[in-house]
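**Q** Once you've had a glance at the structure underneath, I'll fire off some questions.
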Amino acid sequence: MYDEIKLKVEFEGKNLEVKQGETPYDILCNHCKDRKDVISCKIDGVYSDMSTEILKDCKLEFLTFEDDGAREIFWHSSAHILGNALVNLYPDAKLVHGPPVEEGFFYDVDIKEPISSGDYKKIEMEMTRIMKKNYKFEKVIKSKEELLDAYKDNPCKTHFIMKGVDKESSVYKNGDFFDMCLGPHIRSTGVVKAVKVLKNSSAYFLNDPSLKSLQRIYAITFPSKDMLEEYLKKKEEAKERDHRKIGTELDLFFFSKYSPGSCFFLPNGAIMYNTLIEFLREEYRKRGFKEVITPNIFCTKLWEESGHLQNYKENMFMIEGDDFALKPMNCPGHCVMFKHQDHSFRDLPLRFADFGVLHRNELSGTLTGLTRVRRFQQDDAHIFCTRDQVKSEIKGCLEFLSFVYGVFGFKFELVLSTRPEKYLGSIEEWDRAERALAEAMDESGMVFKINEGDGAFYGPKIDITLHDALDRRIQCATIQLDFQLPQRFELKYRDSDGQCRTPVIIHRAILGSIERMIAIILESFGKRLPFWISPRQIAIVNMGNLDYVEKIRSVLGRFRVDVIDDGNTLNKRIRTAETSGYSLVCVVGEKEARANEVNVRLCKVEKSSKSTKNIGLYELKNILDRMADERVELEDVLLIDRISISN
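Position one of the sequence shown corresponds to residue 1 (full-length UniProt numbering), numbered consecutively onward.
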């Protein structure tokens, strides 16, 4: 088909000479036969099929399941296998939509026969049969007319074709099955080695209750059986640490059918929520951020100007006939605020922080406790700065991030996502911005990876992935450069030469959603929360001296103190306090009252080394003050030469 044209492929730091028309899979087989873990690839920074013919000099990167984008491709391909299994098992099934999600994938299907948990096994068996057949995923281009004919009995697919296809589009085949899709996909169904159907639910077409009701089947797959077994093991561990379970046991929050996806925080939960916000506010004051308050509802003209109405409308709550919308993010409001006043270069950087309430119209089937909600708050900030200030501001953001995550002992990874194929602005501007981000991370002593071509079209970004106690990777923090939004809102500042220039915006969140961060904290620490954020800090087990108990409560008035005096035996009351999530349990009786002391039981140490010690009341207050002010635990404060805790 092709002449013997030789091309240069940059690959793993070296240049390979390949024939025009060779594919990444050919290169894998010829040069990396031992790489059994490869599932996808990037060509010049773009995720691509392994069967893509290479027609020009390029840079090639092989990807494993550890790469976020490759994992998404793997699960997208697995959704096709699920769709294939469903139409094989249920001949009247009409497939609608099958995307990857955070953990696995789902497929929405229009089917008369209701699917239940009793059907999961046969679905898994049929998917496994398709996987073992090792059908290749083949991309085929079809005209709009061919697609309409192929899906003439499927009104949902027809809707997608009429709305999204101009003249032609692609379908992907595996065996006799095909599905309309832009790809890319893994090489074949045999790359998938293990599957588990997780749950099913109902869903509305286009998330509109007035439209057809569908059935949604969730599943997850892996490139090895061992990985599935490890996942299921961690899921069992996660059940015990599930933030919804802990939240109920600690009386923190609940959800109600009267407001799906919006959390009701009880007094204990509100303490935790507000303590987190106050922690950030304290740091904002130190770091030159100015907190602002912006409206919750804006007219659609703002969302048109920002571009959200064109690109994000399906995730927004529209009201009054689409004339207004609840804000899903704060950046447009902050642009309005910046534009309200004249600014010179002396005003920059200008750092706006906002804890405003946000609403996003998440699909009902994706709502998961505090980790995926419709109503939430973020530690959201936008930094308006000059191009010369970008690096120093990014360094400040990274130091802020390290400090906050360090308080909780969280580890994290950084990835620099660079210029995509479609981008706004000049290459020189992008190169300069990417260089500033990379230098900021280097100078901050931070290790980072580069994800070529995965930046947003309006600017490069740093993706921050947090590792929780179960070693799950969760994206909470965001550091994103934006060249586009200041232009859309025509934002200007007067430079030192008197010229009006456009600032750069840095979008920045560290905790991200406060709700999601509370879930992470609960699942990382269980009931034994860090003292400074715990709604249950001190439990007093009283042995009869009520006057002394009241004195303790008065002296420790800064802290959250509860008295356990339920009429049970001493040991039962101590046990109740220890299992209820209190950081410290203090037992007091006549002996402690006479000595003006408190018998402190340190609950955070291991069961085998649980310790007690009588400590003077005012000395205890000083220790607790330090714990709260420095956000450390009792074992961090107690010094051997001051207080010795013995069994």
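Ideal placement from N, C-alpha and C gives every residue a C-beta, glycine not left out.
Taking only three categories from DSSP, how would you classify Glu4?
**A** DSSP places Glu4 in coil when its eight states are reduced to three.
**Q** Who are the near neighbours of Ser201 in its chain, counting only those whose CB is closer than 7 Å to its CB and skipping five residues on each side?
**A** Around Ser201: Arg216 and Gly365.
**Q** By DSSP, does Gly118 sit in helix, in strand, or in coil?
**A** Reduced to three states, the DSSP call for Gly118 is helix.
**Q** Considering only the alpha carbon of each residue, which of Val585, Pro486, Leu16 and Val555 lies closest to Tyr618?
**A** It is Val555 whose Cα lies nearest to the Cα of Tyr618.
**Q** Per DSSP, Gln480 is paired with what?
**A** Gln480 is bridged to Lys461 and His507.
**Q** Starting from His334, trace the alpha helix (DSSP H) in both directions and tell me its first and last residue.
**A** Segment Cys331 to His340, the alpha helix (DSSP H) holding His334.
**Q** Exposed or buried, His340, counting other C-beta atoms within 10 Å across all chains shown (16 or more means buried)?
**A** When all chains shown are included, His340 counts as exposed.
**Q** Quick one: is Ile27 buried, meaning 16 or more other Cβ sit within 10 Å of its Cβ, or exposed?
**A** With 16 or more other Cβ atoms within 10 Å, it is buried.
**Q** Measure from the alpha carbon of Ile510 to the alpha carbon of each residue in Val38, Glu283 and Asn30, then state which is nearest.
**A** Out of Val38, Glu283 and Asn30, Glu283 has the C-alpha closest to the C-alpha of Ile510.
**Q** Taking C-alpha atoms, which residue in Ala593, Gly512 and Ser524 lies nearest to Lys239?
**A** With distances taken between Cα atoms, Lys239 lies closest to Ser524.
**Q** Below 8 Å, how does it come out for the region 170 to 185 and the region 72 to 92: are there three or more Cβ pairs, yes or no?
**A** Contact between the region 170 to 185 and the region 72 to 92 is present, because at least three Cβ pairs lie under 8 Å.
**Q** Quick check: what's the CA-CA separation for Cys29 versus Gly183?
**A** Cα-Cα distance, rounded: 22 Å.
**Q** Less than 8 Å between the C-beta atoms of Cys500 and Leu370, yes or no?
**A** Taking 8 Å as the Cβ cut-off, Cys500 and Leu370 do not qualify as a contacting pair.
**Q** For Lys607, which residues in the same chain have their Cβ closer than 7 Å to its Cβ, ignoring the five residues on either side in sequence?
**A** Below a pLDDT of 50, predicted positions are generally treated as unreliable, and Lys607, at 44, falls in that range; the measurement from the model is reported next regardless. So the list is empty, once near-sequence residues are dropped.
**Q** Any chance the region 414 to 427 sits against the region 447 to 463, with 3 or more Cβ pairs inside 8 Å?
**A** Segments in contact, yes.
**Q** Are the Cβ atoms of Phe222 and Lys199 separated by less than 8 Å?
**A** No, the Cβ-Cβ distance between Phe222 and Lys199 is not below 8 Å.
**Q** How long is the line joining the alpha carbons of Val605 and Arg631, rounded to whole angstroms?
**A** Here Val605 scores only 44 on pLDDT, less than 50, and its place in the model should not be relied on; the value that follows carries that caveat. Val605 and Arg631: Cα-Cα distance of roughly 17 Å.
**Q** Where does Gly616 fall in DSSP's three states?
**A** Strand.
**Q** Given a threshold of 16 other Cβ atoms within 10 Å of its Cβ, counted over all protein chains shown, does Arg594 qualify as buried or as exposed?
**A** Arg594 should be labelled exposed.
**Q** Would you call the CB atoms of Tyr312 and Pro332 closer than 8 Å?
**A** Not closer than 8 Å, so no.
**Q** Under the three-state reduction of DSSP, which class applies to Arg536: helix, strand or coil?
**A** Arg536: coil per DSSP, three-state reduction.
**Q** What does Arg216 pair with, by DSSP beta-bridge criteria?
**A** According to DSSP, which records beta bridges pairwise, Arg216 is partnered with Asp108 and Ser201.
**Q** Which same chain residues end up closer than 6 Å to Asp641 when comparing Cβ atoms and leaving out the 5 residues on each side of it in sequence?
**A** Annotation note: pLDDT 37 at Asp641 (below 50); position unreliable, coordinate value reported separately. Cβ neighbours of Asp641 beyond the five flanking positions: none.
**Q** Compare the C-alpha of Gly118 against each of Leu485, Gly589, Val197 and Thr23 and name the closest.
**A** Minimum Cα distance to Gly118 is reached at Val197.
**Q** Which residue comes first and which comes last in the beta strand (DSSP E) that contains Glu17?
**A** Start and end: Lys14 to Lys19.
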